[in-house]
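All remarks here apply to the structure that follows.
Chains as they are written, first to last, in the numbering used here: chain E, 1489 to 1860; chain P, 8 to 303.
This is the structure:
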C-alpha cells in the first residue's frame, strides 16, 4: 500500500463514517438552530465547523456532547444511535470555550477527574495522568491550582483533561479563542500534532477562518442552521459553491453578469465579455456571478501581451499589509475590483499610487462561476 | 496620617464598646456577691491610693469559676446550648441550602424578587415574629387546628414549650443568614463546570457532590457560623418557645442576673460563654482568610 496516499476517507465510498447526522433538526421554541442537517465525519478526521455567531455550530457540538437532544432526526456514533445515551455515558469528551477547569482541584486532579469516574485503578490512573501532563508539557505544574497558571497553560490542562479518557471523539468549542494571536498560532500546530499522535477524531468549532483552514482536514461552512459547503480547506477556498462561502472565506470579487456563450459572461455595457473557466459551461441567457480571488488578479501599468481577461481602471485605495498590498481599483463603469500582489521586494517606492491608471488581468481559469 | 486615623476608628470602637466593658465584666466575675448597691464586692476605691488598689486586687479570686465547674447545672446548660445550636444550624442548612440553590437556578430576572422575599421578614420586629409562632404552635394554635380539621390527628400535638419549638424558632429566625451566603457562592458557580463534570462521566447527583458542594463550601461555612454563633447565646427564643426542660445558657445567665441578683456568677457565665464563642469565630476567620488567599 502506498503510505504517501493523502488522508481522504470521505472520497472512499467503502469507508464507514464515525459520526452520522441524519436529517437532524433542533428547535428552541420558534427558533430553528439546526435545520434538517446531514453530515458524515470520519474517524481520525480533524473536522472544523466554521460560521458566523448564531449559525448553529455550537448547538451542533452540544448535540454531539449530549447537552441537547435533537428535535427530530438521528445522530449515530460508530453506528449506534446517540439519543438515549446521556452525556456522562458517551465516548465523547468536550473541551469547553471557557475551559471549565474545576477551580478547587489541582491540575493533576483536574486531569484525573474523568478517569476516577470510570473507575481506573490507582497505578493506571497515575500513569495516565503523567502521560497527559507530559503530552501537554505541564509536568512541573501538576500541583498548581487553575488560578495559579497562565491562560495558555489552562488551555493545555483543559485539552489534557478532555483527552485523558481517550475518547472516540473530542469536541473543541472555540478552544483558542482566549489566547492572543501569537500563542494561538503556536497552539494550532500543537493541536494538530496531538491530534495526529493520539489518533482521536477532533471536531472543532470556530469563527476564525484562518484557524479552521490551518488545522482542519475538512471544513464545513454553516449558515442559518444549514451546511453551505463541506470540503477540504483548499477546496473551500478555490472552488466555493456559493457566493456566501466565497465571501465568507477570504476576500473575493463577485462580478454579476449574463452568459452570452457557454464561456462568456457579459458583465458591463461597453466592456468585452469575460472569459470563464473551461470546466463550468454556462447556460446562455442566464445570470451568473463570477468569483475571483484578489491574489489571482495581476496589476500592471501596461497591458500585458497575453491575457484572457483584461480591464482598465484607476487606483482608488491601497492597503499595505506588509507581505501583501491590496489595491482597490475603480473601473470605468464604477465597479470596484480588489487585486492583491505580494511585496516580494522591499518597497523603496510604491509601484502604484493613488489615481494611477492600471490594467487588471487574470486567467480564465482563475474565476469560479456561481449561480446567482 | 489620614490613613492611620481611618484605621483607628474601628479599633477605637472595639476598645470603647467591647474591650473595656468586657474587662469590667471580668472584674465583676472575679468579685464576690454581696447585699449592697452594686451587689458585689470589692469596689475599686481610687482615693485610697496604692494600698487601696493592692487591697482591691487581693480580694479578687476565681471562686465563681470554681463554682461554675462544680455545679453541674452550668456545664449541662453550656452543653445543651451547644447541642441545640448545632442541631438548629444543621436544620437551617438543610432548609436553607435547597432554597439558595433554587434561587441560584432561577431565571435571572426573578432573583432580585426572591432575594427581597428572603429579606422581607426582617422588616417586622423579631419579637413579634417569635410571638406569632406561639399562636401557631400552641395546643389551640393554627397548626393543631389545621391538622385536626384535616383529620390527621385527633389530639393536639404538644409542640410549644418543647425543644422542637425552639428548633423551629431558631431555624425560622436565622434562615436568611444561612441562605444569603450560600446563594452568593452558588450564584457565582459557572454552569459549564457542571456540564464539564457530566462530560467527564459524572451523573447529575455526583456532579452535585463533587462540584457544586465543594465550590459552595465557603458559603456553607459562613452561613453555619452566622447561625451557630447567635443561636448558642440565644435567650428570647428558648424563653418564649421553650419549656422548663429547655436548658440554654442564655436563660441561665438571665436568671442569675435578674432573679438571683448574683452579678458575679452571671458575669462568670458570660465570660465563659464568650470564650466558648471565640473559638468558632477564630475558626471562621481562619477559613475566610484561607479563601481570600486562595482567590489571589
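Cβ atoms here follow ideal geometry from the backbone N, Cα and C, with glycine treated the same way.
Look at the segment 1588-1602 of chain E: the residues with a C-beta under 9 Å from a C-beta of chain P are 1588, 1589, 1590, 1591, 1592, 1593, 1601 and 1602. Looking from the CA of residue 1750 (chain E), the closest CA among E:1756, E:1743 and E:1762 belongs to E:1762.
Contact of residue 1605 (chain E) with chain P by beta-carbon distance below 8 Å involves 207, 208, 209 and 213.
Within its own chain, the residues whose Cβ lies closer than 8 Å to the Cβ of residue 1687 (chain E), once the five positions on either side in sequence are excluded, are 1532, listed in chain order. In the three-state scheme derived from DSSP, where H, G and I count as helix and E and B as strand, residue 1841 (chain E) is classed as coil. Taking the beta carbon of residue 222 (chain P) as reference, the chain E residues within 9 Å of it are 1590, 1591 and 1592, listed in sequence order. Within chain E, the residues placing a beta-carbon under 7 Å from that of residue 200 (chain P) are 1588 and 1590, ordered along the chain. Counting only the Cα atoms, residue 1709 (chain E) lies some 36 Å from residue 1616 (chain E).
Residue contact check for residue 193 (chain P) against chain E: no CB pair falls below 9 Å. Within the segment 220-254 of chain P, 221 and 222 place their CB atoms closer than 7 Å to a CB of chain E, listed in sequence order. The alpha-carbon separation between residue 1584 (chain E) and residue 1566 (chain E) amounts to approximately 23 Å. Between residue 189 (chain P) and chain E, the shortest Cβ-Cβ separation is not below 9 Å.
Residues of chain E whose Cβ lies closer than 8 Å to the Cβ of residue 92 (chain P) do not exist; the shortest such Cβ separation is about 28 Å.
For residue 86 (chain P), no Cβ of chain E is located within less than 9 Å of the residue's own Cβ.
The count of Cβ pairs closer than 8 Å, one atom from the segment 1825-1834 of chain E and one from the segment 1764-1779 of chain E, stays below three, leaving the stretches out of contact.
Straight-line measurement puts the Cα of residue 198 (chain P) at about 28 Å from the Cα of residue 1682 (chain E). Between residue 1851 (chain E) and residue 1784 (chain E), the gap from beta carbon to beta carbon is short of 9 Å. Within a 10 Å sphere around the beta-carbon of residue 134 (chain P) sit fewer than 16 other beta-carbons, which makes this residue exposed. Inclusion of residue 204 (chain P) and residue 214 (chain P) in the CB contact set at 9 Å is warranted, their separation being smaller than that value.
In the three-state DSSP reduction, residue 298 (chain P) falls in the helix class (H, G or I).
Close CB contacts of residue 1774 (chain E) within its chain, under the 6 Å cut and outside five residues either way in sequence, are with 1747 (chain order). Under the 8 Å Cβ criterion, the segment 90-99 of chain P counts as touching the segment 237-256 of chain P, having at least three qualifying pairs.
Taking C-alpha positions only, residue 33 (chain P) is separated from residue 71 (chain P) by approximately 11 Å. Under the Cβ criterion (8 Å, minimum of three pairs), the segment 151-163 of chain P does not count as touching the segment 265-282 of chain P. DSSP places residue 1775 (chain E) in the uninterrupted beta strand (DSSP E) bounded by 1775-1780. Given a length threshold of 4 residues, each whole run of the alpha helix (DSSP H) inside the segment 100-136 of chain P is given here in chain order: 118-126.
For the pair residue 193 (chain P) and residue 111 (chain P), the CB atoms are nearer than the 9 Å cut-off. Nearest in C-alpha terms to residue 168 (chain P), of all of P:182, P:40, P:145 and P:152, is P:145.
Distance from the CA of residue 1630 (chain E) to the CA of residue 228 (chain P), rounded to the nearest whole angstrom, comes to 28 Å.
Cα atoms of residue 1795 (chain E) and residue 1849 (chain E): separation of roughly 6 Å, rounded to the nearest angstrom. Taking 7 Å as the cut-off between beta carbons, the residues of the segment 1559-1585 of chain E near chain P are 1575, 1576, 1581, 1582 and 1584, in sequence order. With respect to chain E, the C-beta atom of residue 142 (chain P) has no partner C-beta closer than 9 Å. Here the alpha carbon of residue 1809 (chain E) sits roughly 51 Å from the alpha carbon of residue 1604 (chain E).
The bridge partners DSSP lists for residue 1752 (chain E) are E:1749 and E:1763. Spanning the alpha carbons of residue 1512 (chain E) and residue 1572 (chain E) requires a straight line of approximately 15 Å. Bridge partners of residue 1849 (chain E) according to DSSP: E:1786 and E:1798.
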